[in-house]
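**Student:**
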Amino acid sequence: MRNDDTPVTLDLFAEQAPTTPGQVEQIGQQAFVLRGFALPWLERLLPALENVLQAAPFRQMVTPGGFTMSVALSSCGALGWTTDRSGYRYTAHDPQTGRPWPDMPTVFRELAQAAARQAGFEAFEPDACLINRYVPGARMSLHQDKNERSLDAPIVSMSLGLPAVFQFGGFARSDKSLRIPLFHGDIVVWGGVDRLRYHGVLPLKEGQHPRLGAQRINLTFRTAG
Ligand code: SIN
Ligand code: FE2
C-alpha cells in the first residue's frame, strides 16, 4: 500500500503482475483487493464480455459539466449507469440504441458473487454491471459511487488487461488516498463502512497486454435498483 506522498515507480510495471494470485490485501475495514481472483474464470468471462460489447458497444459519454469522459462505457444487467448533460443516473435502456441493456451473463454474476463472498459480503445480487474501457491516457477522477438506491450492497470491481493505479481514499475528496496497482484478474471489493469511499484511477500508461492489447477493461458490479 502507498499513499500520495510515495511516488509509484515505473518499474512497478516491468513485470506482468508482481502479486500472488490468491493473495488478499485489506485496504479498509470492509475493503479488499483479491489478487488474481478472476484468472480461473477468464475462459468463460472473456467470450461473454465480447457478446455484451457486440450488443452494447463502448461509447464515450458526457458529464453534467459538459466534459467528454476519457473512459468509454458500456453496461449489462437490468440497469446501466449513464451520464449526459442532465446528470448521472441508471437507466433500463441503452440510450444509444433504445434497447434494454444486454442481460448480465451468468458467469459475470457468479464471479461477482464469489468475490463478494470472499470479502465477507454474502448474498450479493448485482443488477448493474458497468464496463469501463481505458486506453493509454484515460483516467477516472476521484468520485464516490452513490447513485445506487441502497448502499447496503458492496461494489465489486474487476480489472482486465493493462495494469492501472487505483486510488482508494477517504470520505472527503481531499482525504489522502492509497495508490494500489491493479493487474489483469484482480478484483477489488468495498462495502459496509467503506462503501462511500472516494476512488479513482490514474492515467493509464502505454502498454500492450498479451490478451487484451493496449487497453484496460474494468467491470464494476453494483446493486443499483
Ligand atoms: C469506477 O470507479 O467506476 C472504475 C474503477 C476502475 O476502473 O477500477
Ligand atoms: Fe466508481
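Position one of the sequence shown corresponds to residue 6 (our numbering), numbered consecutively onward.
For glycine and all other residues, C-beta sits at the position ideal for the given N, C-alpha and C.
Keep in mind the model is a prediction, meaning the values are calculated, not measured.
Cβ-heavy atom distance between M163 and ligand 2 below 8 Å?
**Tutor:** As a working mapping, residue 163 is identified with position 158 in the sequence shown. Not so, every heavy atom of ligand 2 lies at least 8 Å from the Cβ.
**Student:** Three-state secondary structure (DSSP) at V140?
**Tutor:** As a working mapping, residue 140 is identified with position 135 in the sequence shown. Coil, per DSSP.
**Student:** With a threshold of 7 Å on Cβ separation, who are the neighbours of Q118 within its own chain once the five nearest residues in sequence on each side are excluded?
**Tutor:** To locate residue 118, count along the sequence shown from 1; it is residue 113. Same-chain partners within the cutoff: F129.
**Student:** Any idea what DSSP makes of R221, helix, strand or coil?
**Tutor:** Position 216 of the sequence shown, counted from the first residue, corresponds to residue 221. R221 falls in the strand class under three-state DSSP.
**Student:** Pair every Cβ in the stretch 50-57 with every Cβ in the stretch 200-213, then say whether three or more of these pairs are closer than 8 Å.
**Tutor:** no
**Student:** Output the distance between the C-alpha atoms of G142 and A219, rounded to the nearest integer angstrom.
**Tutor:** Locating residue 142 in the sequence shown gives position 137, counting from the first residue. Locating residue 219 in the sequence shown gives position 214, counting from the first residue. Cα to Cα, the separation comes out at about 11 Å.
**Student:** Return the chain-ordered ranges of every beta strand (DSSP E) run that is complete within the stretch 65-119 and spans a minimum of 3 residues.
**Tutor:** 73-81, 85-89, 92-96
**Student:** Assign Q31 to buried or exposed, taking buried as 16 or more other Cβ atoms, counted over all protein chains shown, within 10 Å of its Cβ.
**Tutor:** Reading the sequence shown from its first residue, position 26 is the one you call residue 31. Answer is exposed; the Cβ neighbour count stays below 16.
**Student:** Any idea what DSSP makes of R7, helix, strand or coil?
**Tutor:** Here residue 7 refers to the residue found at position 2 when the sequence shown is read from its first residue. The predicted model places R7 with a pLDDT of 43, which falls under 50 and marks its position as unreliable; any figure quoted below should be read in that light. Here R7 sits in coil by DSSP.
**Student:** From M163, L165, R104, R200, pick the residue whose C-alpha is nearest to that of F176; which is it?
**Tutor:** Counting from 1 along the sequence shown, the entry for residue 176 is found at position 171. Closest by alpha carbon: R200.
**Student:** How many angstroms separate the CA atom of A158 from the CA atom of T111?
**Tutor:** Here residue 158 is taken as the residue at index 153 of the sequence shown, counted from 1. Here residue 111 is taken as the residue at index 106 of the sequence shown, counted from 1. Rounded to whole angstroms, A158 to T111 spans 19 Å at the Cα level.
**Student:** What does the alpha-carbon distance come out to for the pair T25 and L135?
**Tutor:** Reading the sequence shown from its first residue, position 20 is the one you call residue 25. Reading the sequence shown from its first residue, position 130 is the one you call residue 135. If I take the Cα positions, the gap works out to 26 Å.
**Student:** What three-state label does DSSP hand T228 in the structure shown?
**Tutor:** The count along the sequence shown starts at 1 and reaches residue 228 at position 223. Note: T228 maps to coil in three-state DSSP.
**Student:** Assign P168 to buried or exposed, taking buried as 16 or more other Cβ atoms, counted over all protein chains shown, within 10 Å of its Cβ.
**Tutor:** Here residue 168 is taken as the residue at index 163 of the sequence shown, counted from 1. Under this definition P168 is a buried residue.
**Student:** Excluding five sequence neighbours on each side, which residues of the same chain lie with their C-beta closer than 7 Å to the C-beta of R104?
**Tutor:** For the purposes of this step, residue 104 is identified with residue 99 of the sequence shown, where counting begins at 1. Excluding residues up to 5 positions away in sequence, H98 lie with their Cβ nearer than 7 Å to the Cβ of R104 in the same chain.
**Student:** Please state whether DSSP places G237 in a helix, a strand or coil.
**Tutor:** Outside the shown range of the chain, which is 6 to 230, sits residue 237, and nothing can be said about it.
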